[in-house]
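Undergrad:
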Amino acid sequence: MKKQSVWLAIFVALGAAILMVTHSAALTIATAPVTFPDVFLTGYDQSVLGTTSPWQVDSTDALDGWNATISATNFENGYGGIIYVSNLEFRLLAENISLVSGNPLLPISAQTEFIPLSETATKFISAESGSGDGIYNLLPEFRLRVPAETYAGSYLSTLTITISAGP
Amino acid sequence: MIRRNYKKTLIFSVILSLLFFAAPVMAQSLADISFGIRPTTAQEGQEETFSYFSYRVSPGSVFDDAALVLNDGDTPVTLKLYAADGITSQNGGTDFTEYGQPSEGMSSGSSSWITLSANEIFLNPGEEQVVPFQVNIPAGVNSGQYVAGLVVEAAPEMINIDSNSVDDASQLVVETIRRVGVAIVMDIPGEQFAGLEIKNISLYQQSEEGTTFAVEVQNTGNIFLQAKGFFIVTDRNAERVITTTPLEFDTVLPGDTVTFYVPRAARFADGKYLLSIVLEYEGQRATLEGIGMNIKNGQPQLEGQITENIFTPEEIEVFFEKAEKDSSFTWLIIAGISFFLALALGGFVYWAGGKKKETV
């Protein structure tokens, strides 16, 4: 029995050691593409919902807190056509944050209601010291108003997502 | 019997270990690239330096340090690396300007105090690289807390544009730039003071989902700060408090003006109201009281400051005392539930132990 216990202890210790090595992670965020359906122009304002897969934050070693922000540019078609960024809205519902592994005290959404994005970064999730050190999935939501006067064409916007450790 | 228990323990350990091993794999399956930056060493007695750089330094000092840049993804990655001014994001919290952009607060230009030894890094999967940098504090800089940052940025993740899109349709494409930043706090000794001004309250929107207000505050001091307080809605005569929303405002960097969005999960009925905010920071208080709001046919309008000094200092104190009591009560309930759970668990273990003895 004693011998078996020693082997078991070694096995668990090895597992923990490998886990620590694989998890000597830096604070990082993995995003998934955000897509919108093609909008058939009708001469009226239209609202479309964006689709994305879960994003993932790995904050395993971020013991002193962190936050993530989002900013966006206008949708432009390269020929002078613009859908202003104020038409692009974003939110992250609290129930759309889930634990993958680590601290069960989840990070907190800072933006649970739709607000328009802008070129100024908006904090959308954060964790204080003592919480949010782990791996978490988050599923943000996007909504875009396509104004009636929009011309047909392909429009491009750039999202900038930043995850930071700081005061 | 003992042998069977051992088997169970082993199976449990194996399942647990597999779960542990699977977690990082699952983490990386969502995106191929994963990278980050962090300090190489932490300073004794400064817990925050595990997460970001923090120095207490005199004007004119020059010193060296290093950051660790990692690729913990599955594919090689080329990263842009640069110093950026610290800024406060909307909703508070430290963020960093985009490449080459200055900030507007007290930390404007602080990125130029930092010289990096590399501006671009290529890393294979699992590779990490130490990047030395030098900090050069200008001789004439005023006292206070300046925040800059080191940022690593990956090239945009492009989505292909469909060239076969229909003529009368708009195709909407989004590309994403991912950045990871680590703050460099430079605390210059001398006179340090905290100051916070509530500049404005505006109604951002009222819809079926509820009401969102926007509160604009400015850090008028030379140290970064957080604030707690209340958003209070009263009737027009300030005789009845209609709703009180607790506020927790995250870090605002010195000199920055920032908007905090305050949601309320209900609509306001037609009528005239007064909006007020009281905030507590660094042992001081900031207030903005008596902003008029008139809602007619569901359409709200703000009317500027109508009344001042709605609440006496004693009444404001009551708000904070009540919040503290509520918080203590919550913790008391949590402690009580935990105690009974522990008691129940102890009882169960005792009962199970008795059963086992009977079997033997």
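Order-wise, the sequence lines are chains A and B.
For what it's worth, our numbering labels the leading residue of the first sequence as 140, then goes sequentially.
For what it's worth, our numbering labels the leading residue of the second sequence as 49, then goes sequentially.
Backbone N, C-alpha and C fix where the C-beta goes; we use that ideal spot for every residue, glycine too.
Only a predicted model underlies this, so the values are computations on that prediction, with no experimental measurement involved.
Assign Tyr-103/B to one of three DSSP states: helix, strand, or coil.
TA: Numbered from 1 along the second sequence, position 55 holds the residue referred to as residue 103/B. Three-state result, Tyr-103/B: strand.
Undergrad: I'd like the list of long-range same chain contacts for Ala-233/A, defined as Cβ closer than 7 Å, with 5 residues on each side in sequence excluded.
TA: As a first step, residue 233/A must be located in the first sequence, where it is residue number 94. Answer for Ala-233/A: Ser-248 and Thr-251, listed in chain order.
Undergrad: Determine whether the Cβ of Phe-279/B lies closer than 8 Å to any Cβ atom of chain A.
TA: What you label residue 279/B is simply residue 231 of the second sequence in a count that begins at 1. Chain A, which has no Cβ nearer than 8 Å to the Cβ of Phe-279/B, makes this no.
Undergrad: With a cut-off of 8 Å, does the C-beta of Pro-204/B fall near any C-beta of chain A?
TA: Against the second sequence, residue 204/B aligns to sequence position 156. Taking Cβ atoms only, chain A reaches closer than 8 Å to Pro-204/B, which makes this a yes.
Undergrad: Show which residues of chain B have a CB atom less than 7 Å away from the CB atom of Asp-203/A.
TA: For the purposes of this step, residue 203/A is taken as the residue at position 64 of the first sequence. By Cβ distance, chain B contributes Glu-95, Glu-96, Phe-98 and Ser-99.
Undergrad: Compare the C-beta of Thr-170/A with all C-beta atoms of chain C and state if any pair is closer than 8 Å.
TA: Considering every chain present, this structure includes no chain C. Its protein chains are A and B.
Undergrad: Give me the residue from Val-195/B, Val-221/B and Gln-193/B with the minimum Cα distance to Leu-295/A.
TA: Taking the first sequence and counting its residues from 1, the one referred to as residue 295/A is at position 156. Closest by alpha carbon: Val-221/B.
Undergrad: DSSP has Val-48/B in a bridge; who is on the other side?
TA: Given that chain B is displayed from residue 49 to residue 408, the structure contains no residue 48/B and the question cannot be resolved.
Undergrad: Between the beta-carbon of Glu-245/B and the beta-carbon of Val-265/B, is there less than 8 Å?
TA: Stepping through the second sequence from its first residue, residue 245/B is reached at position 197. Stepping through the second sequence from its first residue, residue 265/B is reached at position 217. Yes, these two residues count as a Cβ contact at 8 Å.
Undergrad: Does DSSP put Phe-272/B in a helix, a strand or coil?
TA: Looking up residue 272/B in the second sequence gives position 224. Coil, per DSSP.
Undergrad: Skipping 5 residues on each side, what residues in its chain have a beta carbon closer than 6 Å to that of Glu-96/B?
TA: One-based indexing of the second sequence puts residue 96/B at position 48. Closer than 6 Å at the Cβ level, and outside the excluded window around Glu-96/B, lie Ser-102.
Undergrad: Going by alpha carbons, who is nearest to Leu-278/A out of Leu-231/A, Ile-254/A and Val-285/A?
TA: Locating residue 278/A in the first sequence gives position 139, where the first residue counts as 1. Closest by alpha carbon: Leu-231/A.
Undergrad: Do Pro-237/B and Asn-270/B come within 8 Å of each other at the CB atom, strictly closer than that value?
TA: Your numbering for residue 270/B matches position 222 in the second sequence. Your numbering for residue 237/B matches position 189 in the second sequence. Going by C-beta atoms, Asn-270/B is not nearer than 8 Å to Pro-237/B.
Undergrad: Any beta-carbon of chain A closer than 8 Å to the one on Arg-315/B?
TA: In the second sequence, counting from the first residue as 1, residue 315/B sits at position 267. No, Arg-315/B lies away from the interface with chain A (no Cβ there is under 8 Å from its Cβ).
Undergrad: What is the rounded straight-line gap between the Cα of Lys-344/B and the Cα of Phe-263/A?
TA: Taking the first residue of the second sequence as position 1, residue 344/B is located at position 296. Taking the first residue of the first sequence as position 1, residue 263/A is located at position 124. For Lys-344/B and Phe-263/A, the distance between alpha carbons rounds to 32 Å.
Undergrad: Enumerate in chain order the residues of its own chain whose CB-to-CB distance from Ala-166/B is below 7 Å, with the five nearest sequence positions on each side excluded.
TA: Position 118 of the second sequence, counting from 1, holds the residue named residue 166/B. Answer for Ala-166/B: Leu-129 and Val-179, listed in chain order.
Undergrad: Check distances from the C-beta atoms of the stretch 281-300 of chain B to those of chain A and list, in chain order, the residues that come in under 9 Å.
TA: So the close ones are Asp-298 and Thr-299.
Undergrad: Determine the direct distance from the alpha carbon of Leu-227/A to that of Gly-292/A, and round the result to whole angstroms.
TA: Counting from 1 along the first sequence, the entry for residue 292/A is found at position 153. Counting from 1 along the first sequence, the entry for residue 227/A is found at position 88. Looking at the two C-alpha atoms, the distance is approximately 18 Å.
Undergrad: Identify whether Phe-387/B lies in helix, strand or coil by the three-state DSSP scheme.
TA: Position 339 of the second sequence holds residue 387/B. Helix.
Undergrad: Rounded to a whole number of angstroms, what is the C-alpha to C-alpha distance between Ser-160/B and Leu-198/B?
TA: The sequence position of residue 160/B within the second sequence is 112, counting from 1. The sequence position of residue 198/B within the second sequence is 150, counting from 1. So the alpha carbons of these two residues sit roughly 11 Å apart.
Undergrad: Please identify the residue among Arg-284/A, Trp-205/A and Gly-271/A whose C-alpha is closest to the C-alpha of Tyr-223/A.
TA: Residue numbering aside, residue 223/A sits at position 84 when the first sequence is read from its first letter. Ranking Arg-284/A, Trp-205/A and Gly-271/A by Cα distance to Tyr-223/A puts Arg-284/A first.
Undergrad: I need the straight-line Cα distance from Ala-218/B to Tyr-218/A, nearest angstrom please.
TA: To locate residue 218/B, count along the second sequence from 1; it is residue 170. To locate residue 218/A, count along the first sequence from 1; it is residue 79. The sequence given here places Ser at residue 218/B; Ala does not occur at that position. Rounded to the nearest angstrom, the two C-alpha atoms are 13 Å apart.
Undergrad: Determine the direct distance from the alpha carbon of Asp-235/B to that of Tyr-194/B, and round the result to whole angstroms.
TA: Here residue 194/B is taken as the residue at index 146 of the second sequence, counted from 1. Here residue 235/B is taken as the residue at index 187 of the second sequence, counted from 1. Whole-angstrom Cα-Cα distance: 6 Å.
Undergrad: Using the Cα positions of Ile-381/B and Glu-337/B, report the straight-line distance between them to the nearest angstrom.
TA: On the second sequence, residue 381/B is found 333 positions in, with the first residue counted as 1. On the second sequence, residue 337/B is found 289 positions in, with the first residue counted as 1. Whole-angstrom Cα-Cα distance: 34 Å.
Undergrad: For chain B, check one thing: does any of its Cβ atoms lie closer than 8 Å to the Cβ of Leu-238/A?
TA: As a position in the first sequence, residue 238/A is number 99, starting the count at 1. Leu-238/A does not count as touching chain B.
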